[in-house]
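Numbers -21 to -1, 1 to 382, taken from mature numbering (1 follows the signal peptide of the UniProt record, and there is no 0), label the letters of the sequence shown in order.
These notes are about the structure you will find just below.
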Amino acid sequence: MRSLLIVPLLSFLLFAENCFAFQPALRLLGSHRRLTHLASAASTTISKDNVSTQQPPQIIKFQEPKTNTTVVLIGTMHYNPQSIATVTNTVQNLANEKSLASVLVESCDVRWNTTMELLKTKRGQIFEPVLMSEMKAASDVAMENGIPVVLGDQRINVTGDMLGETFRETFVELANPFGGGWGRLINEFQQKAEIALPSGDGYLNAKSILDPRLLIAAPVSFAKYPLSFLARNPISTSIVFAFIGALTVLDATTSGDVSFMDASIEEQIISILSSFAVAGLEFALFGRLMVQVLLYERNEIIAKNILEQCRLYSRSGNTSTMNIDDTLSSSPLSKLFSFMTSNDTNDRKVSQPIDQEFETIYVPDSPQINTVVNKDGERIVLAVLGMAHCNGIVKLLREELVE
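In structure tokens, the structure reads:
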């Protein structure tokens, strides 16, 4: 019974930015292109005329209050053909209107460059359909139109270090229930979840993920997501899958020894209590890793990158041209200097992870400035994100919780 509780939580952590548990659907990979075409035909895209009535439920559009710059967030189910179609059509639509200033994707230079190098190899060419994601689609369309593409996520090695550190801290606190450890875990989880997982008007909701077009293509995501891990890291991914499979087999072989219904009342009570205890331990451990490290801390980095793009393309009042002062101050050195010398101590601001330097990183060969402005002077910063990140980032930006 315990392994049955462990396996879904391990899978949930591995596929943290997907909203469904993995289910095999390899036979649907061959129909990926057809599904993408159907999704593209069915999807609607955001524009100034249809934003309020026809935009897909995975899109959020709002004004960033510090700079009065329009921000568009596209929440995606990773590798989903419908998400790829929505991203492709939306980026192209806004590029045609010449209102799209820059595109930010949920990836870092380490992950991005690793994938690009892999695609140059024979193994990468074999797995190319698997590695095609909404992030790559957004980058391709933006680059074709001369629009800058920002790699806005926290570096994967930093995330890995934070996962290990948080894992150890959680165990220490769990082992100290009478010294306030459990209370600190609960309070911290509540504080981080309030920022990382908001809900209500202006946020993505159940309609966003229960969109029939998204659900129809979901089996492709279920297959491509683990296969993408396998393509990038075949050895380590195989070990993880083998470990999960071994747990499942072990549970199947041991559960037949004594049936739960045949056990005594005392044995049943002990089994139930132990299962709840293990489930609580797993929730405390993996829930904290999910909310604090995979969402809260990464959301902050992504929000900072979006805000930097908004500053770069901000406009004051009805001015229809790009803010010249922001353009002149947008060099990497000036951005780093202004960030390091910030003295704002507002306790509502989210703190930067220790020893993490903030910098804007662009996709290789991407332009770093976009001077094209439409006749209305509207400048839109668009971000392509996993749906799990969208609401938290909206909260950070709209409530000015990042600098």
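For every residue, glycine included, the Cβ atom is placed at its ideal position computed from N, Cα and C.
DSSP state of residue i mapped onto helix, strand, coil
| i | result |
| --- | --- |
| I126 | coil |
| T55 | strand |
| I39 | strand |
| Y182 | coil |
| V342 | coil |
| S250 | helix |
| G259 | helix |
| T324 | Interpretation of T324 is limited by its pLDDT of 35, a score under 50 that renders its predicted location unreliable; the figure taken from the coordinates is listed afterwards. Three-state result, T324: coil. |
| V381 | coil |
| L79 | strand |
| V373 | helix |
| A175 | helix |
| L189 | coil |
| A362 | strand |
| V272 | helix |
| residue 467 | The displayed coordinates of the chain run from -21 to 382. Any statement about residue 467 would go beyond what the structure contains. |
| V137 | helix |
| V219 | helix |
Burial state of residue i, where buried means 16 or more other Cβ atoms lie within 10 Å
| i | result |
| --- | --- |
| A256 | exposed |
| T49 | buried |
| K354 | exposed |
| N59 | buried |
| A367 | buried |
| T32 | With a pLDDT of only 47 at T32, under 50, the local geometry of the prediction cannot be trusted, and no value is derived from it. |
| Q247 | exposed |
| V228 | exposed |
| E245 | exposed |
| G159 | exposed |
| A116 | buried |
| G162 | exposed |
| S253 | exposed |
| A362 | buried |
| E357 | buried |
Residue j beta carbon less than 8 Å from that of residue i
| i | j | result |
| --- | --- | --- |
| D132 | S200 | no |
| K45 | I174 | no |
| Q271 | V360 | no |
| T216 | L226 | no |
| L364 | L52 | yes |
| I285 | L376 | yes |
| M122 | S345 | yes |
| P127 | N349 | yes |
| L130 | C369 | no |
| V120 | T67 | yes |
| Y275 | K171 | yes |
| V351 | K77 | yes |
| L194 | V109 | no |
| N155 | A74 | no |
Closest residue to residue i among the options (Cα-Cα distance)
| i | options | result |
| --- | --- | --- |
| L164 | L193, L176, V151, T67 | V151 |
| S118 | K101, T69, S243, L183 | T69 |
| A282 | L193, T67, I372 | I372 |
| L264 | F222, A202, E167, N212 | E167 |
| H57 | A202, I340, L274, E261 | A202 |
| I135 | T350, L273, V381, V342 | L273 |
| Q61 | E357, A197, G160 | A197 |
| D88 | I340, R358, E378 | I340 |
| G266 | P213, F146, D180 | F146 |
| Y204 | Q347, M111, W161 | M111 |
| T55 | Q42, N72, V84 | V84 |
| I63 | R192, I251, G103 | R192 |
Handout entry: Meets three-Cβ-pair contact criterion under 8 Å: the segment 141 to 161 and the segment 87 to 98
Key = no
Practice task
Mind the definition here: the segment 35 to 52 touches the segment 170 to 190 only if three or more C-beta pairs lie below 8 Å; say whether that holds.
Solution key: yes
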